[in-house]
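Asks: Dropping a structure here in structure tokens format, bear with me for questions.
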Amino acid sequence: MDIRSRKRIERGGRVILLASALVCVATVALITIFIFAQGIPTFRDVPLTEFLFSTNWSPSAADPHYGVLSFIVASFIVTGLSLLFATPISLATAVYLALFAKGRKAAILRESIELLSGIPSIIYGLFGIAVVVPFVRNVFGGNGYSLLSAALILAIMILPTIINISEVSISAVSPSLKEASVALGATTWQTISRVILPSARSGIVASLVMALGRAVGETTAVLLVGGNAPLFPKSPVSMGRTLTMNIVTDMSYAEGVHMSALFATAMLLFFFILALNLFVIHATHRREK
Amino acid sequence: MPAFTIRNLHLWYGAVHALKDVSLDIPEHAITACIGPSGCGKSTFLRTLDRMNDLIDGVKITGEVKFEGKDIFTEYDAMALRKEVGMVFQRPNPFPMSILDNVAYGPRLYGRLSKDQLMEIVERSLRQAALWDEVKDRLQKSALSLSGGQQQRLCIARTLAIQPRVILMDEPTSALDPIATGHIEELMTQLKERYTIVVVTHNMQQASRVSDKTCFFLIDSDRCGYLVESGDTSQIFFKPKDKRTEDYISGKFG
Amino acid sequence: MNRKTTNAIALAVVRILSVTTIILLVAIIGYIAFRGIWKQTRVIRDVVPLSQEEKGFVISAPASNQLSDLSWFTLRNIAQGKIYSLRNLSGVDSPVTLYITDDVLPAFLSHMDLSKDKVVYQNRIPDHVERGGIVISSKKGKNLKKIPLYDEVLAVNPTVAALYGNNRIAMVEPIQWVHLQEGSVRSWKELGGPDMPVRNVSTLDEVESTEGSYLVVDAAQWQDAKDAGHAITSLQVVGIESGVNLTWDYMTEKTVESGKYGGIGTIIVNTFFMVMLTILFSLPIGVAAALWLCEYAKEGKMKSMIQSGIDILSALPSIIFGLFGLLVFVQLFHWGFSLISGTLTVSLMVLPTIIRTSQEAIASVDRSLSEASLALGATKIETILRVVLPSSKRGIITGMILAIGRAIGETAALIYTIGSGTDIAHSLTSSSRVLAMHIFLTITEGQSTDKAFASALVLIVLVLVINTVANRLIHTRRR
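Chains as they are written, first to last, in this note's numbering: chain A, 8 to 296; chain B, 5 to 258; chain C, 65 to 543.
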């Protein structure tokens with residue numbers, strides 16, 4: 008092939024590669040545009056304060072209302088509880104992997120965490136229905152489908168996220184700090200709790216934030232075990248509906264303002280996750296400086 | 005009574021023989037220097053004295069090391085030993101906390117202290133480390149805001165706060181500039197009235213300036229470290245008994 | 065020393081909590097596998113789970129028809145031709161054929177309380193009994209499974225089953241049935257009924273006349289008494305039907321009526337299509353993007369913008385992708401709920417995964433190789449095609465496999481894009497269900513939980529195999 012056509016291929020190839028790289032950016036932009044385009048018209052009919060702060064969600068009533076506060080609170084409860092349950096186990100595992108585990112034990116543990124993160128959410132949902140819901144029913148009464156059940160399942164799902172990122176941070180703590188602490192006569196646990204964990208703090212917080220993002224966006228598993236009652240959740244054991252559950256449940260028959268309200272809910276979700284991610288990016292950059 | 009009595013100490017890293025047949029006494033309230041070329045096991049030897057080598061996998065130690073008459077491996081718990089035998093490292097390694105928290109770290113390990121008790125310990129340690137005047141107005145500031153020399157003195161203060169009997173120093177000034185080095189050397193001389201000091205250094209002038217006793221280590225053809233000669237510093241430097249000692253010293257001085 | 069005990073306790077807690085992850089993994093996979101392989105369904109029967117030994121005939125059938133037992137009433141209806149499909153019996157979509165040999169016919173008719181002219185059957189048993197066949201003969205057929213016949217009824221006096229205030233015995237649970245047989249139930253109140261002492265009598269007449277009485281009696285007798293107008297009734301007993309859940313047939317048969325009957329064969333084919341198409345769309349774009357980032361991008365606004373775009377895309381929840389797919393592919397492009405809509409949605413979702421793993425693979429190719437190529441006068445594109453890509457093949461494949469794993473397990477993004485048709489997709493625009501979706505719909509539509517577990521087992525095995533393969537690839541690459 009002559010030089011000219013080779014050069015043409017070179018130029019063309021470059022453009023194709025750049026275009027491919029831009030697909031992701033374009034997708035993010037388009038997703039934002041489309042969802043906002045569907046969601047913003049809601050506020051022609053529904054005042055923003057009512058949307059965010061009213062617990063009255065009654066789209067099919069004669070005088071419809073679209074307040075998503077119940078769902079916001081439900082999402083909070085579910086994700087908050089799941090972080091509460093998952094954090095001790097995750098941090099312990101991260102500490103164990105970073106500082107103690109060697110060879111075979113470490114390999115098995117890592118493999119387990121990998122597999123755990125690969126299990127699809129529908130399987131978690133099924134497991135939740137068959138095992139977690141009856142458990143909650145036996146211990147707390149009611150019918151078992153509750154925000155608590157959703158939180159328990161979600162906790163298992165976010166374990167790998169917290170463990171992986173925290174482990175990296177803990178391993179990155181300078182060994183000379185460990186040495187200094189040991190040389191002063193500290194026990195292993197004192198060194199871990201007073202020096203290593205505080206030093207790894209920003210990485211651990213980042214992992215929690217990422218886990219929070221994952222938890223808040225989870226749909227399938229919470230839908231199957233959360234009870235899906237569009238009421239204000241009075242306790243963790245009551246049935247509830249998270250923001251994601253609301254979108255999925257009503258979308259099949261919604262129209263008009265109702266549908267816009269669902270997209271507005273999606274916007275809310277979108278903003279929240281964007282904020283979380285920007286927080287992590289900002290925190291990482293600050294640390295690197 | 006000597007602070008440490010070491011008899012026939014051997015150390016292996018796995019299959020590698022790193023130290024062989026070291027026997028010596030370390031006198032209390034004096035500065036003992038360990039000199040010798042790089043890689044001859046001086047640091048390994050030093051770290052044996054506070055059982056920091058326990059942290060490494062596959063280390064095997066034979067022989068006898070006694071601290072104040074008691075065997076450090078069988079009659080001392082490692083943590084308890086480290087309270088009595090403190091260590092300052094080559095690169096200053098303050099914790100990423102405030103100056104106050106760094107010094108208070110050690111004492112806090114051993115129990116709850118009242119605010120007054122804590123301040124007393126902190127002030128005393130910082131004074132002994134000749135750092136008090138420079139930091140007394142900014143104890144809450146991060147330790148990482150100090151200069152290299154100040155950080156190293158802070159690490160010394162941190163060690164002093166647990167009131168050890170011995171301070172081990174592993175090349176404490178090799179990462180510092182000459183002025184800071186001078187400060188540390190002056191500090192060492194002041195400290196020896198209260199503490200026993202063992203210092204590893206590759207700087208022979210420092211050893212001859214500061215120490216009372218000197219131990220000279222070499223490495224043999226199998227890359228194993230051993231003690232060539234030990235004795236009063238003046239004797240080692242001006243009338244060494246062993247030819248190898250003489251060669252090393254004159255080579256460096258020249 | 066107190067410090068030492070705190071230390072020991074704290075470290076022990078760390079170790080115990082760490083093992084928790086392994087325990088959870090084993091528990092989840094183990095449970096799904098157990099329920100997927102072994103089904104235990106509650107069945108409410110008009111007969112009690114007791115089989116008399118001597119009937120004069122033996123019932124057997126091929127194991128593939130998934131019948132675990134027959135009730136007297138059911139068999140009678142089959143014999144009379146009133147039931148002609150296994151659908152409602154065992155969920156298998158096959159027509160039923162009854163075979164009765166001449167030597168046992170009299171015993172059969174007598175036991176089932178039927179006359180010959182009412183019975184629909186064949187008397188020549190083929191060598192190979194088809195799936196829907198049920199054989200009545202003197203001994204168990206070759207290669208056939210023996211089917212027990214439950215032909216006794218729990219007859220009770222009407223006072224037992226009546227409504228008292230808010231209480232009425234709905235049905236007798238297995239454990240309650242055991243207690244009843246043992247004789248340890250004092251009052252019907254313990255079974256949820258009236259506060260009346262339990263009386264075990266010995267004839268149907270006594271059942272009719274004594275309050276609180278019960279008798280376990282032949283179904284034929286009971287039926288006769290009922291037909292003759294006696295005032296007796298019966299209680300339903302709950303049984304546990306166990307058997308093998310996931311079978312080869314289930315995996316290969318086509319899905320009938322939204323999964324109520326049949327297997328998941330068509331769904332597995334659809335899943336395969338979806339995966340292939342996803343790779344077709346996302347692999348080229350993903351690898352190309354990774355190439356641009358590694359080989360052409362210079363540090364600056366463009367590069368960080370693109371990198372941020374990838375990061376944000378990978379953090380978005382799948383429901384948002386689903387909504388996007390709904391708006392754009394389903395509605396705007398008018399493709400409706402279809403294979404293409406769902407696949408494109410999933411392709412966008414897995415794009416970041418492919419880009420990231422490809423980036424890592426491409427970046428780890430030795431720079432000196434590229435330099436050598438350029439020094440020989442090759443263009444950058446040629447270097448990429450001839451040197452860089454071949455060297456990073458393994459990492460790229462790993463990324464592809466990980467993406468497949470993610471795509472297979474996806475539900476939320478597909479609910480409103482891919483549709484729910486159960487047939488094999490015949491074109492890109494057909495509505496077609498995939499495996500994870502099918503499990504979801506099986507559960508939400510209230511179909512058999514056992515089928516959900518069987519499908520779930522298939523899904524989880526697929527996902528585990530895919531992930532393990534990807535992991536092995538990653539690890540061998542590092543060495």
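Ideal placement from N, C-alpha and C gives every residue a C-beta, glycine not left out.
#1: In its own chain, which residues sit with a C-beta less than 6 Å from the C-beta of SER47/B, not counting the 5 before and 5 after it?
#2: Taking contact to mean 3 or more Cβ pairs, one atom from each stretch, closer than 8 Å, check whether the stretch 133-153 of chain A and the stretch 54-64 of chain B are in contact.
#3: To the nearest angstrom, how far is it from the Cα of GLU424/C to the Cα of GLY459/C?
#4: Measure from the alpha carbon of ARG420/C to the alpha carbon of each residue in LEU88/C, ALA467/C and THR105/C, then state which is nearest.
#5: Classify PHE257/B: buried if its beta carbon has 16 or more other beta carbons within 10 angstroms, exposed otherwise.
#6: Report buried or exposed for ARG543/C, applying the criterion of at least 16 other Cβ atoms within 10 angstroms of its Cβ.
#7: Determine the direct distance from the alpha carbon of LEU357/C to that of GLY364/C, and round the result to whole angstroms.
#8: Rounding to the nearest angstrom, what Cα-Cα distance links GLY510/C and LYS324/C in this structure?
#9: Would you please verify whether the beta carbon of ILE253/B is less than 8 Å from any beta carbon of chain C?
#10: Check the DSSP bridge columns for GLU117/C and list the partner residues they point to.
#11: Pick out whichever of GLY87/A, PHE41/A and ALA271/A has its Cα sitting closest to the Cα of LEU161/A.
#12: Rank ASN334/C, ASP514/C and ILE384/C by C-alpha distance to the C-alpha of PHE278/A and give the top, closest one.
#13: Give me the DSSP bridge partner(s) of GLU68/B.
#14: How is ARG157/B classed by DSSP in three states: helix, strand or coil?
#15: Taking just the CA atoms, how far does GLN287/C sit from TRP136/C?
#16: Is it right to say LYS296/A is buried, meaning 16 or more other beta carbons lie within 10 angstroms of its own, or is it exposed?
#17: Please state the DSSP three-state secondary structure of ARG11/A.
#18: Below 8 Å between beta carbons: does that hold for CYS44/B and VAL202/B?
#19: With three or more beta-carbon pairs closer than 8 Å as the criterion, would you say the stretch 155-172 of chain A touches the stretch 192-208 of chain A?
#20: Identify, in the order they occur along the chain, each residue of the same chain with its Cβ nearer than 8 Å to the Cβ of LYS249/B, setting aside the five sequence neighbours on each side.
#21: Going by CA-CA distance only, name the one from ILE130/A, LEU59/A and LEU98/A that's closest to THR513/C.
#22: Could you work out which residues of chain B lie near LEU275/A, taking near to mean beta carbons separated by less than 7 Å?
#23: Taking DSSP as the reference, what is the three-state secondary structure of ARG142/B?
#24: At 9 Å on the CB atoms, spell out the chain A contacts of TYR360/C, in chain order.
#25: According to DSSP, is ASN207/C helix, strand or coil?
#26: Under a CB-based cut-off of 8 Å, is TYR103/A close to chain C?
#27: Between the Cα of VAL224/C and the Cα atoms of ASP177/C, GLU272/C and PRO416/C, which residue gives the shortest distance?
#28: If you follow the beta strand (DSSP E) that ASP430/C is part of, which residue opens it and which one closes it?
#29: Taking the C-alpha atoms as reference points, what is the distance between PHE401/C and THR481/C?
#30: In whole angstroms, give me the CA-to-CA distance for THR138/C and MET235/C.
#31: Using a threshold of 8 Å, state whether the C-beta atoms of GLY196/C and THR161/C are closer than that.
#32: Expressed to the nearest angstrom, what Euclidean distance is found between the alpha-carbon atoms of THR540/C and ALA534/C?
#33: Reducing DSSP to helix, strand and coil, say where ASP110/C ends up.
#34: Would you say PRO168/B and VAL107/B are within 8 Å of each other, going by their C-beta atoms?
#35: What does the alpha-carbon distance come out to for the pair GLY110/B and LEU15/B?
#36: If we call anything under 8 Å between Cβ atoms a contact, is VAL218/C one with VAL112/C?
Replies: Quick look at the numbers:
#1: ASP174 and VAL204
#2: no
#3: 7 Å
#4: ALA467/C
#5: Unreliable placement is indicated for PHE257/B, whose pLDDT of 43 sits below 50; the coordinate value is still reported in the next sentence. Burial call: exposed.
#6: For ARG543/C, the pLDDT reaches just 45, beneath the cut-off of 50, and the residue's location in the model is therefore unreliable, although a value from the coordinates is still provided. Exposed: under 16 other Cβ atoms inside 10 Å.
#7: 12 Å
#8: 10 Å
#9: no
#10: Answer by DSSP bridge pairing: none, since GLU117/C is not bridged.
#11: GLY87/A
#12: ILE384/C
#13: ARG11/B
#14: helix
#15: 10 Å
#16: Confidence is the limiting factor: at LYS296/A the pLDDT is only 49, short of 50, which leaves the residue's position unreliable, though a coordinate-based value still follows. Counting Cβ neighbours within 10 Å, LYS296/A comes out exposed, since fewer than 16 surround it.
#17: helix
#18: no
#19: no
#20: Reading off the sequence, residue 249/B comes out as Thr, not Lys. If we look at THR249/B and ignore the five residues flanking it on each side, its Cβ neighbours are PHE220, VAL232, GLU233 and ILE240.
#21: ILE130/A
#22: Simply none; closest approach about 38 Å.
#23: coil
#24: ARG21, LEU24, LEU25 and ALA28
#25: coil
#26: yes
#27: GLU272/C
#28: That residue, ASP430/C, is in no beta strand (DSSP E); it is neither H nor E in DSSP.
#29: 5 Å
#30: 19 Å
#31: yes
#32: 10 Å
#33: coil
#34: no
#35: 29 Å
#36: For clarity, residue 218/C is Leu in the given sequence; the question names Val instead. In this structure, VAL112/C lies closer than 8 Å to LEU218/C by Cβ.
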